[in-house]
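Notes to accompany the following structure.
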Amino acid sequence: MLSDKLRRAALVAAAACCAAALAACGGGAAAVALVGGGVGTGGTGIAFGTVVGLGSVIVDGQTFSSATPTYYAPTSTSESAQTTSEAVELGARMDLSLGADNQPATATVQPELQGVAQNVDAVHGTLTVNGMRVLVNTDPTRGPQTLYSGLTGLASIGPGSTNVEVHGAYGVDANGPYLWATLIEQVPGSSAVTRLVGTVSALSASSLTLDSSATPIPLGAGTSVVLPPGASLAPGELVYAWNSGSTWVLRVAGTGSFSGPVQVSGVAYGLGSNGFTVAGIPVDTTAMGAKAPALMAGQYVVVSGKSDGKGTLVAQKVDTYSAAAPSQFELHGTITGFVDASSFLVRGTPVDASQSPSFSGGSVSQLGNGVYVDITGQTSPTSGNVIVARTVTVHASPAVGDTVDLQGTITSVDAGPTQFTMNWQLQGSTTPVTVTIAANCAYNHGEASSVGVGKTVQVEGTWTGSGSVDAYTINFGADGGSGDLEASGRMYSWSQGSAVTGSSSTATAQTTFMLGSYLLTIPVGTTIPAGFGDGANVEVSFTPSGGVNTVQKLSVDN
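Here's what the structure looks like:
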């Protein structure tokens with residue numbers, strides 16, 4: 037149950053039913069999409085916006101099931117590939133298509149920019165990526181704060197050297213196009229991927245140019261164009277561009293001829309007497325009459341309404357943030373990776389609950405691995421990759437239907453397998469849990485045949501009752517020992533400096549690196565996998581003792 041405080045912060049009602057599956061892109065072909073380009077045709081409702089909560093997927097205040105969708109996210113070689121629920125982070129921009137039950141059928145992570153950061157100004161909260169201005173938000177009364185992954189903040193970004201992926205909301209002001217950053221994530225410097233977002237300012241048969249970049253994008257055989265239904269590539273359209281080598285994928289924003297409920301968030305620009313534009317979609321507020329808010333250009337808004345089948349969103353509701361209803365992040369789930377009250381994970385997100393949050397249902401002394409909690413909070417003033425808890429609700433156990441993360445060792449497996457038993461790490465001890473593998477279960481660092489006795493796994497799923505869970509994600513991670521803690525995410529500040537290339541190596545000297553809020557120590561003799569280095573997405577098993585978090589095993593998620 038959400039608290040009254042969370043209810044006031046929730047901004048939008050549900051976007052009603054469905055949109056169809058992600059459209060496939062063939063070289064040189066035109067496929068079909070909606071809004072941010074990740075949703076296909078044939079449905080009756082879509083949502084596109086910022087992930088502000090996990091434990092379910094909460095997009096701009098609206099809660100959706102995390103158990104039902106097939107997930108898609110970018111990789112180092114693909115603009116969008118099937119993945120697991122673990123790819124969803126706070127601050128990510130996301131496209132959702134909803135099934136007949138009003139729950140997601142697909143969930144697509146949609147970054148806007150990727151490239152080397154330049155012109156970093158930590159004082160004024162700005163930088164540029166691929167020539168586009170990026171603005172950082174630290175004020176929750178204006179909208180979602182900027183989060184970081186593999187970084188602690190702007191000050192940790194090396195101008196001209198740090199490769200970043202940026203999620204955010206496109207806008208235009210007197211100085212031209214910009215991006216309101218909701219998530220800035222360090223990626224390996226070796227990545228060959230470039231991402232751009234902008235409005236088409238010039239178009240010919242052979243190329244197009246975006247307002248955010250002077251470099252023309254080729255429209256040849258190596259370019260796939262993903263269009264809203266009934267739309268065409270034209271000047272003035274907002275385009276999300278992905279490039280690796282000679283391959284380009286262009287996703288055109290908008291709703292085209294789609295007619296149905298839409299929820300979309302972003303920066304309001306192009307304000308007029310009857311509406312504005314958000315995320316490349318014209319919004320008509322005429323039907324709202326006196327209920328239409330008086331907006332300022334650059335204000336973060338969440339719009340719900342109905343697309344008219346001609347590319348315009350007819351608004352029924354426009355929500356904004358304020359001092360009375362500031363943006364905040366929500367986490368609902370079981371604690372993992374617990375070191376102390378200032379350093380633990382909920383849904384894979386680093387949390388600090390040591391700065392005098394308001395507790396209900398328990399106290400700080402009851403926090404530990406496996407404990408189910410509801411947390412609201414905001415980013416840390418000093419570490420933008422950590423959520424500082426403002427409220428913490430402690431539950432005696434998960435309720436039926438809750439999303440849980442369970443870490444432990446498999447003790448028995450049935451035929452198939454369709455079910456297995458694991459010893460779940462719970463408050464310093466273990467307890468048996470029966471795991472049923474859901475039909476849509478996705479695997480990380482393994483597959484269905486990898487399930488076996490003795491394997492250490494992290495399971496994400498739906499709690500179905502005492503000692504049982506339906507799993508839709510199974511992560512074999514670093515496959516550490518039965519008592520190890522596990523964590524994953526973008527690493528940074530590796531004391532060795534250069535990344536491991538070619539093949540794995542063995543540590544000949546002790547080194548340290550950061551992962552979220554953890555300082556981790558790699559002892560001599562540890563196998564370090566290829567690709568390990570700043571910005572790499574890693575899985576780690578470790579043991580805390582005497583203030584030192586000693587790495588046991590490492591893996592890199594490519």
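All residue numbers for the sequence shown refer to this note's numbering, where the first residue is 37 and numbers rise by one.
Even glycine gets a Cβ: it sits at the ideal position worked out from N, Cα and C.
query                                                                                                                      : result
Stretch-stretch touch, CB-based, cutoff 8 Å, three pairs: the stretch 175-190 with the stretch 417-427                     : yes
Reference Gly225; option with closest CA among Lys589, Leu590, Gln588, Ala572                                              : Ala572
9 Å Cβ cutoff met for Leu219 and Glu125                                                                                    : yes
Short Cβ contact (9 Å threshold) for Trp530 with Gly437                                                                    : no
Beta-bridge pairing of Glu575 - partner residues as DSSP gives them                                                        : Ser524, Ser591
Residue burial classification, Ala351 (beta-carbon count within 10 angstroms, cutoff 16)                                   : buried
Cross-strand partners of Asn199 (DSSP beta bridge)                                                                         : Val152
Outcome for His203 when other beta-carbon atoms lying within 10 angstroms are tallied against a minimum of 16              : buried
Val233 beta carbon less than 9 Å from that of Leu190                                                                       : no
Straight-line Cα distance separating Val236 from Ser603                                                                    : This structure gives no information on residue 603, because the portion of the chain shown stretches from 37 to 594.
Member of Gly404, Asp570, Val354 whose CA lies at the smallest distance from the CA of Thr198                              : Asp570
Spatial distance of Phe374 from Tyr305 (CA atoms)                                                                          : 43 Å
Proximity of Val440 and Pro434 at Cβ, strictly below 9 Å                                                                   : yes
Cut-off 8 Å between Cβ atoms - residues of its own chain near Trp284, not counting five sequence neighbours on either side : Ile253, Pro254, Gly258, Thr259, Ser260, Ala277, Trp278
Heavy atom of the ligand GTP within 8 Å of Leu555 beta-carbon                                                              : Among the components modelled here there is no ligand, and therefore nothing to report on the ligand GTP.
Rounded C-alpha distance that separates Thr557 from Phe549                                                                 : 7 Å
Own chain, CB closer than 6 Å to Ala158, minus 5 neighbours either side, in chain order                                    : Leu190, Ala191
Buried versus exposed, by CB contacts within 10 Å (16 or more), Gly583                                                     : exposed
Enclosing beta strand (DSSP E) for Arg169 [first to last residue]                                                          : 168-172
Where Ser401 sits in the DSSP three-state scheme                                                                           : helix
Supposed close pair Gly167, Val338 - CB separation, criterion 8 Å                                                          : With a Cβ gap of about 29 Å, Gly167 and Val338 do not count as contacting.
Per-residue DSSP class, three states only, for Gly583                                                                      : coil
Cβ-Cβ distance between Val400 and Ser390 below 9 Å                                                                         : yes
Span of the beta strand (DSSP E), counted from its first residue to its last, around Ser133                                : 129-134
Coil, strand or helix - Gly212 by DSSP                                                                                     : strand
At least three beta-carbon pairs within less than 8 Å, the stretch 137-148 to the stretch 112-128                          : yes
Check whether Ser363 and Thr177 have beta carbons under 9 Å apart                                                          : yes
Backbone secondary structure at Met324 - three-state DSSP                                                                  : helix
Alpha-carbon to alpha-carbon, Leu239 and Ala315                                                                            : 20 Å
C-alpha distance - Val298 paired with Pro580, whole-angstrom precision                                                     : 47 Å
Buried or exposed by the 16-neighbour rule on C-beta atoms within 10 Å, applied to Thr537                                  : exposed
Unbroken beta strand (DSSP E) run spanning Gly311, endpoints                                                               : 311-314
For Pro565 and Ser540, believed in contact at Cβ under 8 Å, the rounded distance                                           : 5 Å
C-alpha gap between Thr445 and Glu201, whole angstroms                                                                     : 34 Å
Cβ pair count under 8 Å reaching 3, the stretch 443-463 against the stretch 206-223                                        : no
Spatial distance of Val493 from Cys477 (CA atoms)                                                                          : 14 Å
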